[in-house]
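Residue numbers (this note's numbering): -13 to 246.
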Ligand code: SAM
């Protein structure tokens, strides 16, 4: 039992690696979340490997599929299987039964959105789709607000404005955001601006979206409490200045506070 995860284009059919094409050709079958969509890709590259349907509702077909096709190449609707789609469940199923899993590198929507955002993305958090409503959604949004890394969110056109409005309430309408739409497609667009402006811009959202929200600036430290705590630890003079700077107080201000 061998599963090969094959990333497929997120729009532009040229975004597929030579190795991915070979894996699709050499597999015993290609299992696809949406066979109509995958048929277009296979036809474009003259690949005649049998195509079978496999999504989260048909995972119980796996034993018979593997019995018939020992090497299955798995493709989801678009991008990398396992990123916000049923790929991860399939991987867990195969690993739990002692099968092998190979994951090919390739297209995924969040990477171009992240790097095109213009934010400092040396570290980032990937949220994928937020829970649709309720306490879970509220808690997730609160965690995003508290995170010190930029956050990547996948969103549907139907929910884009709701999510932008909630983010504007949490971060403030002036907080920056990048909204990548229809990446690699004819109407590709990367909007870079404020959350309030994004709401103005996307009045009738169409297409597929990735949001990148940079972290809120750190809250200024409560200087009086900080000074008390550091003095209680016996710090004074230069040591006190350094401790204040480490806690986020600008150096000039730290000198003034330490001398008081
Ligand atoms: N597995 C995919 C990946 O690797 O990115 C993600 C699959 S998820 C079901 C689909 C979501 O990905 C869309 O709702 C959208 O948020 C994002 N997405 C996919 N293609 C996109 C594109 N061309 N432009 C912008 N976002 C895209």
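The beta-carbon is built from N, C-alpha and C at its ideal position, and this holds for glycine as well.
- Residue 167 carries a strand assignment under DSSP once its states are collapsed to helix, strand and coil.
- Counting other Cβ atoms within 10 Å of its Cβ, residue 34 stays below 16 and is therefore classed as exposed.
- For residue 59, the three-state secondary structure derived from DSSP is strand.
- Residue pairing of residue 89 in beta bridges, as defined by DSSP: -9.
- Here residue 164 is near residue 104, since their CB atoms are less than 8 Å apart.
- The Cβ neighbour count for residue 213, taken over all protein chains shown within 10 Å, is at least 16; the residue is labelled buried.
- Under the three-state reduction of DSSP, residue 73 is assigned to helix.
- Residue 132 and residue 148 have their C-alpha atoms some 20 Å from each other.
- Here the alpha carbon of residue 95 sits roughly 23 Å from the alpha carbon of residue 78.
- Under the 10 Å beta carbon count, residue 218 is surrounded by fewer than 16 other beta carbons and is classified as exposed.
- With a threshold of 16 other beta carbon atoms within 10 Å, residue 167 meets it and is buried.
- Under the three-state reduction of DSSP, residue 21 is assigned to helix.
- Setting aside the 5 residues that flank it on each side, residue 114 is surrounded in the same chain by 70 and 140, each with a C-beta closer than 6 Å to its C-beta; the list follows chain order.
- A distance of 8 Å or more separates the beta carbons of residue 19 and residue 46.
- Counting only residues of its own chain and dropping the five nearest sequence neighbours on each side, residue 73 has a CB closer than 8 Å to the CB of -9, 60, 62, 66 and 67.
- With a threshold of 16 other beta carbon atoms within 10 Å, residue 210 falls short and is exposed.
- Within 10 angstroms of the beta-carbon of residue 181 lie 16 or more other beta-carbons, which makes it buried.
- Boundaries of the alpha helix (DSSP H) harbouring residue 52: 48 to 54, taken from the DSSP string.
- Note on residue 26: under 16 other CB atoms within 10 angstroms of its CB, so exposed under the neighbour-count rule.
- Under the three-state reduction of DSSP output, residue 226 falls in the helix class.
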